[in-house]
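Student: Just so you know, we're using the UniProt record's numbering here: the sequence shown kicks off at 1 and counts up by one. Just so you know, even glycine gets a beta-carbon here, dropped at the ideal spot from N, CA and C. Below is a structure I'd like to ask you about.
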Amino acid sequence: MSGYIKKIIINGLFEDKNNYKIDLVEGCNCLFGDNGCGKTSIINLIVHSLTVNLEGIRDIPFKSISLFYAKSGTIRALKLLTVSKSEFKSEDGMKGINIEFTFHPMKKTFTLDVTRIDLIERQYSELIEHFKKLNKKYINLTHVPLLRLHEGEVAYDDDLLNRALRRRKFSQKQISELLDPSVRTLVSLEKEFIEAYTDKTRRIKDELDSLKSRIIEKVMIDEKLVRETTRSFALMTRALEKEPEVVDVNAYVEKFNLAKLDVPVEKVKEHFGQWKALNERFRENWQKTNELTADAAKAQRHKVEKEYRKSYFNLFSITHIYNQFESIIKEVEGVQKTKSNELKTFIEYENQINNFFKNKTFFLSEDGEFSIKSGERKIDISDLSSGEKHILTILGRVALSNEGASSFIADEPELSLHLDWQRKIIPAIRTLSPNTQVIVATHSPAIFENDAKEINIEECRS
């Protein structure tokens with residue numbers, strides 16, 4: 001990872017002289033404190049500063065925030081970004097608000113007038129994207145915001161609204177997607193999974209297409225095949241020294257199936273059976289030749305030597321084919337390795353979700369869509385509990401950011417989760433993205449990991 005957030009200094013949060021200094025570690029950090037101590041505001045201020053959310057920064061009462069980063073594997077704090085907010089009076093006496101960004105590695109400062117929220121996007125869109133790229137070079141952030149909604153709190157439970165939408169021919173699934181924020185979040189997340197999964201499987205398909213072309217090439221005579229005579233002689237020698245290894249035919253067939261190559265089990269069994277028989281016949285005839293005595297009858301000697309030559313040339317002529325088959329197997333194993341590496345995060349996401357779900361099974365379809373079943377019955381996302389939706393969202397965000405994120409921030413990830421799930425959430429995050437810094441704000445001691453740094457917000461005030 002590029003770097004992690006090492007230290008945060010905030011001045012004037014909510015009021016003058018209400019300052020904070022927070023030291024973080026590269027691993028897991030748990031921020032805790034009483035309601036109203038400022039955890040959520042601190043989390044939001046960090047996130048808004050790194051993602052250059054001008055409106056979010058504008059709405060939080062503070063004077064300045066300085067963020068320090070450290071390179072992965074080090075603890076030296078390096079100043080990255082300072083964001084400060086100040087008021088001014090325009091020429092016509094109207095109050096205005098300026099936000100000042102200082103990027104310390106580049107020693108550049110930018111002052112932005114954010115008085116009119118409606119003009120922010122129009123005035124500063126290119127500059128905002130530039131700032132984001134600057135920050136991302138040092139801290140690549142993934143954020144899961146606070147989700148307070150529970151069953152019974154969403155608008156789609158309003159019976160009148162439900163009836164009105166049904167009269168417009170909306171299905172219950174469409175109503176849920178329109179009006180339930182948690183379902184909207186998951187539908188959006190699913191689209192990102194489909195896009196990411198499709199990208200990964202496209203690479204695997206390209207590998208498979210290339211493999212099929214290479215298989216055709218391997219059965220054609222070329223200079224390389226001619227040079228493999230030496231290897232053929234080595235196989236002949238090995239045939240004399242020891243018996244062929246016992247082969248797990250089903251394992252080979254499984255490899256072919258994973259590579260989308262339809263090879264019948266019987267053909268693979270016949271391949272290795274014939275190879276074993278050729279080896280045994282050659283070794284047997286070699287031994288008979290060595291056992292011939294000087295006074296052996298001419299006819300007997302002729303017969304033994306003839307059988308030996310026949311078994312020798314039979315085996316020698318097949319070694320090229322056997323070599324090419326072994327070469328194809330290595331190519332198949334290479335594609336398997338690529339597939340395993342490309343889909344590792346998705347498979348681990350499925351595993352982690354299923355560690356939480358009870359009497360339900362979660363899996364990704366071949367297109368990357370979310371699929372949930374209870375036995376043979378399909379379950380829609382909207383029918384999940386708030387805790388199940390929350391787990392899908394948090395761990396989904398971690399999974400999607402696995403390859404690029406250096407810091408993962410979540411505000412009260414334990415919301416909607418019962419005690420057992422609260423204990424499991426941080427380990428699940430760390431399993432999905434072991435090299436990512438984790439920062440969580442929480443009320444629940446159950447969420448603390450054994451090696452996590454526990455940070456009492458009240459003790460960070462200065």
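Cutting at 8 Å between CB atoms, please list the residues of its own chain near Pro427, excluding the five before and the five after it.
Tutor: Position 427 of the sequence shown, counting from 1, holds the residue named residue 427. Cβ within range, chain order: Glu449.
Student: Ignore the nearest five residues each way along the sequence and tell me which others in Lys79's own chain have a CB closer than 6 Å to its CB.
Tutor: In the sequence shown, residue 79 corresponds to position 79, counting from 1. Around Lys79: Phe68 and His104.
Student: For Ala77, report the span of its alpha helix (DSSP H) as first-last.
Tutor: The residue labelled residue 77 in the question sits at position 77 within the sequence shown. No alpha helix (DSSP H) contains Ala77, which DSSP labels as neither H nor E.
Student: What residue does the alpha helix (DSSP H) around Ala399 start on, and which one ends it?
Tutor: Position 399 of the sequence shown holds residue 399. Ala399 -> alpha helix (DSSP H) spans Ser386 to Leu400.
Student: When DSSP builds the beta bridges, which residues end up paired with Val25?
Tutor: Position 25 of the sequence shown, counted from the start, is the residue given in the question as residue 25. Bridge partners of Val25: none, in fact.
Student: Helix, strand or coil, according to DSSP, for Arg203 in the structure here?
Tutor: Sequence index remark: in the sequence shown, residue 203 carries index 203 (1-based). It is helical.
Student: For the candidate residues His271, Tyr197, Phe110 and Gly38, whose alpha-carbon lies nearest to that of Ser365?
Tutor: Position 365 of the sequence shown, counted from the first residue, corresponds to residue 365. For Ser365, the nearest C-alpha among the options comes from Tyr197.
Student: Leaving aside the five residues before and after Asp367 along the sequence, list all residues of the same chain whose C-beta is less than 8 Å from its C-beta, in chain order.
Tutor: One-based indexing of the sequence shown puts residue 367 at position 367. So the list reads Ile194, Tyr197 and Thr198, once near-sequence residues are dropped.
Student: Which term fits Glu376, buried or exposed, when burial requires 16 or more other beta carbons within 10 angstroms of its beta carbon?
Tutor: Within the sequence shown, numbered from 1, the residue matching residue 376 stands at position 376. Flag for Glu376 reads exposed.
Student: Considering just the uninterrupted stretch of the alpha helix (DSSP H) at Val263, what are its terminal residues?
Tutor: Locating residue 263 in the sequence shown gives position 263, counting from the first residue. Where Val263 is concerned, there is no enclosing alpha helix (DSSP H), given that its DSSP letter is neither H nor E.
Student: Taking only the alpha-carbon atoms, compute the straight-line gap between Leu149 and Gly396 and give it to the nearest angstrom.
Tutor: Translated into the one-based positions of the sequence shown, residue 149 becomes position 149. Translated into the one-based positions of the sequence shown, residue 396 becomes position 396. Bear in mind that the predicted position of Leu149 carries a pLDDT of just 43, short of 50, making it unreliable; the figure below should be weighed with that in mind. Computed Cα separation, rounded: 18 Å.
Student: Jot down the residue ranges of each uninterrupted beta strand (DSSP E) in the stretch 359-387, minimum 3 residues, whole runs only, in chain order.
Tutor: DSSP runs (the beta strand (DSSP E)) wholly in the stretch 359-387: 361-364 and 370-374.
Student: Going by other Cβ atoms of all chains shown within 10 Å of its Cβ, with 16 needed for buried, is Leu392 buried or exposed?
Tutor: Position 392 of the sequence shown, counting from 1, holds the residue named residue 392. Burial call: buried.
Student: Hey, would you say Ile455 sits closer than 8 Å to Ile8, going by beta carbons?
Tutor: Position 455 of the sequence shown, counted from the start, is the residue given in the question as residue 455. Position 8 of the sequence shown, counted from the start, is the residue given in the question as residue 8. Cβ distance not < 8 Å, so Ile455 and Ile8 don't count as in contact.
Student: Hey, Tyr124 and Leu112: beta-carbon distance below 8 Å or not?
Tutor: Sequence index remark: in the sequence shown, residue 124 carries index 124 (1-based). Sequence index remark: in the sequence shown, residue 112 carries index 112 (1-based). It is a contact, given that the beta carbons lie within the stated cut-off.
Student: For Glu291, does the count of other Cβ atoms within 10 angstroms reach 16, so buried, or fall short, so exposed?
Tutor: Position 291 of the sequence shown holds residue 291. Glu291 is exposed by the Cβ-count criterion.
Student: Quick one: is Asp411 buried, meaning 16 or more other Cβ sit within 10 Å of its Cβ, or exposed?
Tutor: Counting from one through the sequence shown, the residue named residue 411 turns up at place 411. Buried, by the Cβ-count rule.
Student: Are the beta-carbon atoms belonging to Phe32 and His390 less than 8 Å from one another?
Tutor: Residue 32 sits at position 32 when you count from the first residue of the sequence shown. Residue 390 sits at position 390 when you count from the first residue of the sequence shown. Against a cut-off of 8 Å, the Cβ pair of His390 and Phe32 comes out as no contact.
Student: In the structure shown, what three-state DSSP assignment does Cys37 receive?
Tutor: Reading the sequence shown from its first residue, position 37 is the one you call residue 37. In this structure, Cys37 counts as coil in the three-state DSSP scheme.
Student: For Gly56, report the span of its alpha helix (DSSP H) as first-last.
Tutor: For the purposes of this step, residue 56 is taken as residue 56 along the sequence shown, with counting starting at 1. Gly56 -> alpha helix (DSSP H) spans Leu54 to Asp59.
Student: Is DSSP giving Lys7 helix, strand or coil here?
Tutor: Along the sequence shown, read from residue 1 onward, the residue named residue 7 stands at position 7. Reduced to three states, the DSSP call for Lys7 is strand.
Student: Is it buried or exposed for Leu186, if we count other Cβ within 10 angstroms and need 16 for buried?
Tutor: Taking the sequence shown and counting its residues from 1, the one referred to as residue 186 is at position 186. Counting Cβ neighbours within 10 Å, Leu186 comes out buried, since at least 16 surround it.
Student: For Ile139 versus Ile318, is the C-beta distance shorter than 8 Å?
Tutor: Here residue 139 refers to the residue found at position 139 of the sequence shown. Here residue 318 refers to the residue found at position 318 of the sequence shown. No, Cβ-Cβ distance for Ile139 and Ile318 is not below 8 Å.
Student: So, is Pro264 buried or exposed, given that buried needs 16 or more other C-beta atoms within 10 angstroms?
Tutor: Residue 264 sits at position 264 when you count from the first residue of the sequence shown. Looking at its Cβ environment, which holds fewer than 16 other Cβ atoms inside 10 Å, Pro264 is exposed.
Student: Between the alpha carbons of Gly36 and Glu414, how many angstroms are there, rounded?
Tutor: By one-based count along the sequence shown, residue 36 stands at place 36. By one-based count along the sequence shown, residue 414 stands at place 414. Straight-line Cα distance between these residues: approximately 18 Å.
Student: Compute the beta-carbon to beta-carbon distance between Tyr308 and Thr293, rounded to the nearest angstrom, for a pair I have assumed lies under 8 Å.
Tutor: The residue labelled residue 308 in the question sits at position 308 within the sequence shown. The residue labelled residue 293 in the question sits at position 293 within the sequence shown. That pair is no contact at about 16 Å.
Student: Check whether the stretch 84-93 and the stretch 37-54 touch, using three or more Cβ-Cβ pairs below 8 Å as the test.
Tutor: No, the stretch 84-93 is not in contact with the stretch 37-54.
Student: Give the secondary structure of Ile457 by DSSP, where H, G and I count as helix, E and B as strand, and everything else as coil.
Tutor: On the sequence shown, position 457 is the one that residue 457 refers to. Helix, per DSSP.
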